[in-house]
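A.B. asks:
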Amino acid sequence: MGNLCLSCCKQSSSCEDLTPDLETRRRKQMEAAEKRIAEQQNRGIKNIEAVKRQERLDQLREKRQEEVGNKNVQMANELMGHFNGN
136 MGNLCLSCCK QSSSCEDLTP DLETRRRKQM EAAEKRIAEQ QNRGIKNIEA VKRQERLDQL
196 REKRQEEVGN KNVQMANELM GHFNGN
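If you read the sequence shown in our numbering, its first letter stands for residue 136, the second for the next number, and so on.
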């Protein structure tokens, strides 16, 4: 009924080489997770540095507009005080 090859069923040291130890598996899982996160962050954005640079410029422009707006309000208040006799 059968000629079974039992040599492949024997326990051997080469079997241990095929299964990584716990530390190696954890390290590989962490590397894979970090790679997935990086890919998700870059999905759809071809030049991430250009996007970051543009965001910084937008923030700077917004800050300057707020400063100009605050100066205009301050000047208006001073003028109103001057005209009201304060």
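Here a beta-carbon is modelled for each residue, glycine too, at the ideal position from N, C-alpha and C.
(1) Hey, how far is the Cα of Arg161 from the Cα of Gln189?
(2) Nearest-angstrom Cα distance between Ile183 and Gln176?
(3) What number of angstroms, rounded off, separates the C-alpha of Leu195 from the C-alpha of Lys170?
C.D. replies: Answer, in terms of the structure:
(1) Distance from the CA atom of Arg161 to the CA atom of Gln189, rounded to whole angstroms, is 38 angstroms.
(2) Taking the straight line from one Cα to the other gives about 9 angstroms.
(3) Roughly 32 angstroms between the two C-alpha positions.
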